[in-house]
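Novice: These protein sequences, in sequence, are chains U, G, L, D, V and Y.
126 is the number that our numbering gives to position 109 of the first sequence; each next residue is one higher, with no gaps.
175 is the number that our numbering gives to position 158 of the second sequence; each next residue is one higher, with no gaps.
138 is the number that our numbering gives to position 121 of the third sequence; each next residue is one higher, with no gaps.
151 is the number that our numbering gives to position 134 of the fourth sequence; each next residue is one higher, with no gaps.
21 is the number that our numbering gives to position 4 of the fifth sequence; each next residue is one higher, with no gaps.
197 is the number that our numbering gives to position 180 of the sixth sequence; each next residue is one higher, with no gaps.
Protein chains: 6
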Amino acid sequence: MNEKSIRGIMVGRFQPFHKGHLSLVKQILEDCDEVIIAIGSAQYNYIFQDPFTAGERMLMIHKALSEAQIDLTKCYIVPIINDENNARWLAHLRSMVPPFDILFSGNEFVGTLVGEHVKIKKPEFVSKKYYNGTYIRKTISKKDNWKKLVPNGVAEIIEEIGGVARIKMLLHSYSYPQRW
Amino acid sequence: MNEKSIRGIMVGRFQPFHKGHLSLVKQILEDCDEVIIAIGSAQYNYIFQDPFTAGERMLMIHKALSEAQIDLTKCYIVPIINDENNARWLAHLRSMVPPFDILFSGNEFVGTLVGEHVKIKKPEFVSKKYYNGTYIRKTISKKDNWKKLVPNGVAEIIEEIGGVARIKMLLHSYSYPQRW
Amino acid sequence: MNEKSIRGIMVGRFQPFHKGHLSLVKQILEDCDEVIIAIGSAQYNYIFQDPFTAGERMLMIHKALSEAQIDLTKCYIVPIINDENNARWLAHLRSMVPPFDILFSGNEFVGTLVGEHVKIKKPEFVSKKYYNGTYIRKTISKKDNWKKLVPNGVAEIIEEIGGVARIKMLLHSYSYPQRW
Amino acid sequence: MNEKSIRGIMVGRFQPFHKGHLSLVKQILEDCDEVIIAIGSAQYNYIFQDPFTAGERMLMIHKALSEAQIDLTKCYIVPIINDENNARWLAHLRSMVPPFDILFSGNEFVGTLVGEHVKIKKPEFVSKKYYNGTYIRKTISKKDNWKKLVPNGVAEIIEEIGGVARIKMLLHSYSYPQRW
Amino acid sequence: MNEKSIRGIMVGRFQPFHKGHLSLVKQILEDCDEVIIAIGSAQYNYIFQDPFTAGERMLMIHKALSEAQIDLTKCYIVPIINDENNARWLAHLRSMVPPFDILFSGNEFVGTLVGEHVKIKKPEFVSKKYYNGTYIRKTISKKDNWKKLVPNGVAEIIEEIGGVARIKMLLHSYSYPQRW
Amino acid sequence: MNEKSIRGIMVGRFQPFHKGHLSLVKQILEDCDEVIIAIGSAQYNYIFQDPFTAGERMLMIHKALSEAQIDLTKCYIVPIINDENNARWLAHLRSMVPPFDILFSGNEFVGTLVGEHVKIKKPEFVSKKYYNGTYIRKTISKKDNWKKLVPNGVAEIIEEIGGVARIKMLLHSYSYPQRW
Chain U
18 MNEKSIRGIM VGRFQPFHKG HLSLVKQILE DCDEVIIAIG SAQYNYIFQD PFTAGERMLM
78 IHKALSEAQI DLTKCYIVPI INDENNARWL AHLRSMVPPF DILFSGNEFV GTLVGEHVKI
138 KKPEFVSKKY YNGTYIRKTI SKKDNWKKLV PNGVAEIIEE IGGVARIKML LHSYSYPQRW
Chain G
18 MNEKSIRGIM VGRFQPFHKG HLSLVKQILE DCDEVIIAIG SAQYNYIFQD PFTAGERMLM
78 IHKALSEAQI DLTKCYIVPI INDENNARWL AHLRSMVPPF DILFSGNEFV GTLVGEHVKI
138 KKPEFVSKKY YNGTYIRKTI SKKDNWKKLV PNGVAEIIEE IGGVARIKML LHSYSYPQRW
Chain L
18 MNEKSIRGIM VGRFQPFHKG HLSLVKQILE DCDEVIIAIG SAQYNYIFQD PFTAGERMLM
78 IHKALSEAQI DLTKCYIVPI INDENNARWL AHLRSMVPPF DILFSGNEFV GTLVGEHVKI
138 KKPEFVSKKY YNGTYIRKTI SKKDNWKKLV PNGVAEIIEE IGGVARIKML LHSYSYPQRW
Chain D
18 MNEKSIRGIM VGRFQPFHKG HLSLVKQILE DCDEVIIAIG SAQYNYIFQD PFTAGERMLM
78 IHKALSEAQI DLTKCYIVPI INDENNARWL AHLRSMVPPF DILFSGNEFV GTLVGEHVKI
138 KKPEFVSKKY YNGTYIRKTI SKKDNWKKLV PNGVAEIIEE IGGVARIKML LHSYSYPQRW
Chain V
18 MNEKSIRGIM VGRFQPFHKG HLSLVKQILE DCDEVIIAIG SAQYNYIFQD PFTAGERMLM
78 IHKALSEAQI DLTKCYIVPI INDENNARWL AHLRSMVPPF DILFSGNEFV GTLVGEHVKI
138 KKPEFVSKKY YNGTYIRKTI SKKDNWKKLV PNGVAEIIEE IGGVARIKML LHSYSYPQRW
Chain Y
18 MNEKSIRGIM VGRFQPFHKG HLSLVKQILE DCDEVIIAIG SAQYNYIFQD PFTAGERMLM
78 IHKALSEAQI DLTKCYIVPI INDENNARWL AHLRSMVPPF DILFSGNEFV GTLVGEHVKI
138 KKPEFVSKKY YNGTYIRKTI SKKDNWKKLV PNGVAEIIEE IGGVARIKML LHSYSYPQRW
């Protein structure tokens with residue numbers, strides 16, 4: 018690392034961090050010196066759409082990167098609380114993470130929010146049909162073979178913290194504070 | 018009341034407080050010395066799902082307990098503002114209510130949130146089909162016979178504050194600040 | 018303007034400000050000395066339901082009034098952040114705008130919220146079917162002839178800021194911070 | 018209790034609830050049918066100015082009233098989260114407590130905030146020099162004879178929850194999340 | 018007004034709007050086509066440092082500009098709720114006001130916050146010793162001759178709304194919700 | 018790293034991260050397998066007490082650890098937004114970071130907040146007189162020899178981002194959004 022490091026950033030909720038995400042980390046590290054992984058919706062957890070806490074997601078990502086022998090001196094993993102004012106989102110993000118040069122996102126909405134202030138690069142996702150959080154949470158809830166979709170370390174953590182039972186419970190139970 | 022009082026807690030939105038809730042208060046007072054009634058979503062009101070203010074709900078509960086000759090020196094009625102971070106929910110609740118020993122809830126989600134920190138006891142609800150807030154609000158909006166579903170004192174307060182007209186209005190009108 | 022000015026207020030999200038709104042401004046200025054135009058949900062933007070920032074909406078309204086040769090010394094245009102506690106809404110509004118005498122709204126919900134504290138007057142809207150934000154945003158997203166529904170100045174600003182592309186994008190893209 | 022009950026309200030932080038407060042409760046119950054005790058700054062705790070949680074304060078008040086043989090069917094004890102917008106304070110309070118007729122306060126500021134909307138009555142406080150929270154917290158921190166300043170039940174709870182050590186610690190320690 | 022209008026912005030709390038502020042509005046309108054007057058700390062009021070509501074401040078400014086025969090078609094007066102994250106402040110401001118080209122401020126802090134994103138121009142303030150809010154509030158609280166420091170219209174509104182008594186009360190009373 | 022990793026946590030504002038902090042990281046890694054460095058008051062920046070953004074602080078810490086050849090696969094650096102409800106602080110922290118076993122803090126306040134839920138270990142700080150943020154910010158503002166108090170990498174980043182000028186400016190300027 019030196020002061021002229023080029024940093025790329027990727028943003029997601031990582032519920033959970035899957036192989037598509039890991040592949041994107043590797044793509045970014047081919048293009049950039051360092052990568053920032055911003056964990057969005059950090060304040061949400063124990064919701065079917067957002068089952069894992071920010072801390073658990075950080076643990077999953079950290080383990081997946083270690084396991085993949087990605088050099089962690091090049092990686093920043095940062096939880097980000099949502100900001101309801103979208104027009105302020107880029108400034109919000111920037112205040113919470115190290116300076117970055119390229120935002121990796123194929124999402125047109127993100128592109129619009131950052132406008133001309135940041136260089137956008139579209140990632141090459143493989144098999145987006147399977148490697149997406151919604152599909153994986155649904156697969157976990159059905160006890161189907163979800164483990165192949167996420168890095169080993171992520172699968173191990175999900176099992177350790179009772180993540181499968183949690184997701185199944187969240188699917189069937191009321192979301193309590195919202196709608197008892 | 019003495020320092021070794023065993024306290025049970027029940028949590029709900031109480032929109033409105035109905036006979037099923039009253040029955041649960043009685044169950045808790047058979048098992049515990051004191052009962053805490055936590056009124057969730059305290060900041061919401063004048064919404065079809067949440068028509069009554071926290072203050073109105075407190076009034077209804079207070080009156081229903083008095084009327085049922087439940088000893089109010091054994092009861093704590095406490096409005097609770099929501100916390101969007103579920104993993105913090107138990108600590109949030111604890112900061113707002115007297116210490117408690119048993120949480121009465123049949124909701125698996127609540128059980129998961131409190132984990133092993135609190136003893137959970139499943140209430141015996143009677144006729145959950147009728148004694149539930151959603152059903153009662155719908156019945157009120159249709160001017161059907163809703164009064165038998167709630168304690169007399171609750172029915173009286175709903176009428177005094179124009180609750181029937183309010184619920185009917187909320188069903189048909191736009192929810193203004195959200196979607197004018 | 019003098020100290021005894023009668024002020025009327027209208028509240029909306031103005032996504033975007035259309036000819037029905039402009040007509041209401043004129044109605045109010047026939048009845049009152051001054052008009053307050055309160056822009057609700059001021060903190061939302063870059064959402065399909067709320068595409069424009071509060072600043073952009075203020076600009077549109079200001080331009081539409083100028084163009085219609087309405088005397089701006091009689092007009093107050095004020096962005097208002099939402100308050101999730103509806104029972105507090107009137108007090109919230111009052112803390113943010115000049116004192117007012119009449120609230121112009123045909124919405125029963127608004128009427129209930131302000132109760133007997135404020136005189137309510139029902140506006141005469143023309144062609145509410147076409148002159149409403151939902152219809153206009155949908156029309157914009159289909160590139161149909163939306164310009165006739167809004168004052169010229171509003172159409173010009175929407176075009177200048179790339180509003181048509183923004184609305185189309187918001188319709189098709191994920192709303193990012195919420196659900197990446 | 019009946020529907021025409023006259024209710025008086027008193028508002029304080031009750032850090033801790035002392036004999037001056039108890040005396041005010043009695044005064045109110047001479048004038049009114051029922052009393053509302055609103056616990057302000059409910060979200061603060063473990064601060065030297067605000068050592069006790071809302072739940073602990075509720076417990077102290079409840080016990081003090083029971084002990085003084087005040088009829089709890091006539092009392093509402095309600096924690097209130099602060100609202101930074103003072104002009105909205107009365108509406109905020111009203112949304113959280115049962116309807117009230119008289120606000121008991123000698124504080125000119127409170128009088129100004131409620132304006133002509135609520136009848137204000139000035140309480141007769143005895144020995145305000147000693148019966149005030151700041152003096153009592155200071156006395157507790159010096160281990161002086163503080164117990165005579167609060168009702169017995171309050172002293173017992175403060176001792177049970179380690180309140181003396183807590184107040185001494187808060188006086189000497191940094192307030193951590195604020196200024197580590 | 019046309020699409021190429023150059024807009025200047027000034028930001029203040031305007032507690033109250035004084036002749037120094039009015040002079041700055043005039044300076045800006047010599048340099049720019051339009052002026053935006055952003056009213057900061059909009060959510061604060063009934064505090065000695067912040068006695069007036071956002072709505073009252075808007076009214077004062079509006080009246081002062083009218084009286085000074087400033088063309089209101091060139092002016093935008095916008096209340097802004099604070100953002101505790103300073104690094105996000107410029108984006109927050111931009112989301113709430115029309116686009117602007119020059120920020121008028123002699124405050125080095127503001128200059129740092131906006132960095133190179135906005136052109137900064139230092140205003141020529143006259144007699145900053147007298148024309149500043151702190152001095153004026155103190156003068157009002159002493160019933161000294163404060164009226165010459167503010168535009169006539171501002172003095173009239175302060176008197177109409179009982180502002181002198183309010184400021185004197187706020188100086189002497191406790192700030193209630195904070196420290197009862 | 019494996020599933021049975023013992024994790025220690027240290028919490029601070031790190032304005033800036035200094036040699037005392039670095040020494041603590043090393044102490045923790047002697048006792049534990051992994052260390053979590055929680056950056057408190059993450060939402061504050063551009064304030065004299067809190068000059069650096071969370072992102073800048075993360076960058077400083079990351080660089081200091083790399084430079085000290087601390088194995089980053091054992092480190093988690095996590096910004097934490099404050100929670101004003103202290104009684105909820107431990108749960109708030111836990112929701113944002115990986116699970117931990119020991120909290121390293123000599124602060125009695127922190128010890129009280131975590132109670133018996135977490136093992137506390139008192140760090141051995143060297144020269145707390147010099148190695149503390151307040152002293153270092155003051156030293157930076159006087160252009161005294163501050164660089165020896167922080168790791169080289171931290172000094173480099175402070176210079177790169179103009180941190181010395183920023184701190185001097187913050188000392189002398191008004192804090193704008195708060196008190197223009």
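Here a beta-carbon is modelled for each residue, glycine too, at the ideal position from N, C-alpha and C.
Which residue wins for smallest C-alpha separation from G:Ser158, given the options G:Ala104, G:Ile23 and G:Pro68?
Specialist: The shortest C-alpha separation from G:Ser158 is found at G:Pro68.
Novice: Is it true that the stretch 87-104 of chain G meets the stretch 27-34 of chain U, where meeting means three or more beta-carbon pairs spaced less than 8 Å apart?
Specialist: At 8 Å Cβ cutoff, the stretches do not touch.
Novice: Would you tell me roughly how many angstroms separate the C-alpha atoms of Y:Lys164 and U:Cys49, rounded to the nearest one?
Specialist: Those two C-alpha atoms are separated by around 30 Å.
Novice: What is the DSSP secondary structure of U:Glu47, counted as helix, strand or coil?
Specialist: DSSP places U:Glu47 in helix when its eight states are reduced to three.
Novice: In whole angstroms, what is the alpha-carbon distance linking D:Ile175 and D:Pro140?
Specialist: Roughly 26 Å between the two C-alpha positions.
Novice: Go ahead and pull the three-state DSSP assignment for U:Val131.
Specialist: In this structure, U:Val131 counts as helix in the three-state DSSP scheme.
Novice: Is the shortest distance between the beta-carbon of U:Ile23 and the beta-carbons of chain G less than 7 Å?
Specialist: By this cut-off, U:Ile23 is not an interface position.
Novice: Return the first residue and the last residue of the beta strand (DSSP E) that Y:Gly29 is part of.
Specialist: From DSSP, the beta strand (DSSP E) with Y:Gly29 extends over Arg24 to Gly29.
Novice: What does the alpha-carbon distance come out to for the pair Y:Glu84 and Y:Ala172?
Specialist: The straight-line gap from Cα to Cα measures roughly 12 Å.
Novice: For my contact list, D:Glu125 and V:Ser40 are in at a C-beta cut-off of 8 Å; report their separation, rounded to the angstrom.
Specialist: Between V:Ser40 and D:Glu125 the Cβ distance is about 35 Å, and since that is not below 8 Å, they are no contact.
Novice: Mind listing the chain U neighbours of V:Leu107? Cutoff is C-beta to C-beta under 9 Å, in chain order.
Specialist: Residues of chain U passing the Cβ test: Ala108.
Novice: Looking at the C-beta of U:Phe126, does it have a partner C-beta in chain L at a distance below 7 Å?
Specialist: At least one chain L Cβ lies under 7 Å of U:Phe126.
Novice: How many angstroms separate the CA atom of L:Gly128 from the CA atom of L:Asp118?
Specialist: Each residue's Cα considered, the two are about 14 Å apart.
Novice: Can you list the beta strand (DSSP E) stretches of 3 or more residues lying completely in the stretch 92-148 of chain L, in chain order?
Specialist: Runs found: 92-96, 119-121 and 136-138.
Novice: For L:Lys91, tell me which candidate among L:Pro115, L:Leu120 and L:Gly179 has the shortest Cα-Cα distance.
Specialist: Closest option to L:Lys91, Cα to Cα, is L:Pro115.
Novice: Can you name, in chain order, every residue of its own chain whose Cβ lies under 7 Å from the Cβ of D:Ile78, other than the five neighbours on each side?
Specialist: So the list reads Phe31, Phe34, Ile54 and Ile94, once near-sequence residues are dropped.
Novice: By Cβ distance below 6 Å, which residues in the same chain neighbour D:Leu46 in space, the five residues on each side in sequence not counted?
Specialist: Cβ neighbours of D:Leu46 beyond the five flanking positions: Val52.
Novice: Figure out for me which residue from G:Asp161, G:Ser112 and G:Lys21 has the closest Cα to the Cα of D:Met75.
Specialist: The residue with the shortest Cα to Cα distance from D:Met75 is G:Ser112.
Novice: Report yes if the C-beta distance between V:Gly37 and V:Phe121 is below 7 Å; otherwise report no.
Specialist: Their beta carbons are not under 7 Å apart, which means V:Gly37 does not touch V:Phe121 by this criterion.
Novice: Can you pull the chain U residues whose beta carbon is under 9 Å from the beta carbon of G:Asn162, in chain order?
Specialist: Correct list: empty, because the minimum Cβ distance to chain U is about 25 Å.
Novice: If you draw a straight line from the C-alpha of D:Ile153 to the C-alpha of V:Asp100, how long is it?
Specialist: Their backbone Cα atoms lie some 36 Å apart in a straight line.
Novice: Which two residues bound the contiguous alpha helix (DSSP H) that contains Y:Asn162?
Specialist: Here Y:Asn162 belongs to no alpha helix (DSSP H), and DSSP marks it neither H nor E.
Novice: From G:Ser144 to G:Leu166, what does the alpha carbon distance come to, in whole angstroms?
Specialist: Cα-Cα distance, rounded: 10 Å.
Novice: Only counting the same chain, and skipping five residues up and downstream in sequence, which positions put a Cβ closer than 8 Å to that of V:Tyr193?
Specialist: Note on V:Tyr193: pLDDT 43, under 50, position unreliable in the model; the coordinate value appears next. Counting only Cβ-Cβ distances below 8 Å, and skipping sequence neighbours, we find nothing.
Novice: Taking only beta-carbon atoms, is U:Ser58 less than 7 Å away from chain Y?
Specialist: Answer no: the Cβ-Cβ gap between U:Ser58 and chain Y never drops below 7 Å.
Novice: Give the straight-line distance between the Cα atoms of D:Val181 and V:Arg183, rounded to the nearest whole angstrom.
Specialist: D:Val181 and V:Arg183: Cα-Cα distance of roughly 39 Å.
Novice: Is there a Cβ of chain Y sitting closer than 7 Å to that of U:Pro194, yes or no?
Specialist: Confidence is the limiting factor: at U:Pro194 the pLDDT is only 41, short of 50, which leaves the residue's position unreliable, though a coordinate-based value still follows. No, U:Pro194 lies away from the interface with chain Y (no Cβ there is under 7 Å from its Cβ).
Novice: With H, G and I counted as helix, E and B as strand and the rest as coil, what does DSSP make of D:Ala59?
Specialist: Three-state result, D:Ala59: coil.
Novice: Would you kindly check if the distance between the Cβ of U:Ile87 and the Cβ of U:Ala71 is under 7 Å?
Specialist: No; because the gap between Cβ atoms is not below 7 Å, this pair is not in contact.
Novice: In its own chain, which residues sit with a C-beta less than 6 Å from the C-beta of D:Gly150, not counting the 5 before and 5 after it?
Specialist: Within the same chain, D:Gly150 has close Cβ partners Gln32.
Novice: Suppose contacts are defined by Cβ-Cβ distances below 7 Å. Is U:Tyr63 in contact with G:Asn162 by that definition?
Specialist: No. Outside cutoff.
Novice: Do G:Ala108 and Y:Arg105 have their beta-carbon atoms positioned less than 7 Å apart in this structure?
Specialist: In contact: Y:Arg105 and G:Ala108 (Cβ atoms closer than 7 Å).
Novice: Of all the options L:Lys185, L:Lys138 and L:Phe65, which has the alpha carbon lying nearest to the alpha carbon of L:Gly25?
Specialist: Considering only alpha carbons, the answer is L:Lys138.
Novice: In this structure, how does DSSP classify V:Ile178 when only helix, strand and coil are distinguished?
Specialist: Here V:Ile178 sits in coil by DSSP.
Novice: Report yes if the CB atom of G:Leu89 is closer than 7 Å to the CB atom of D:Leu89, and no otherwise.
Specialist: Yes, they are a contact pair.
Novice: Is L:Ile98 near the ligand PLP, judged by its Cβ being under 6 Å from some heavy atom?
Specialist: What this structure holds is no ligand at all, so the ligand PLP is not there to describe.
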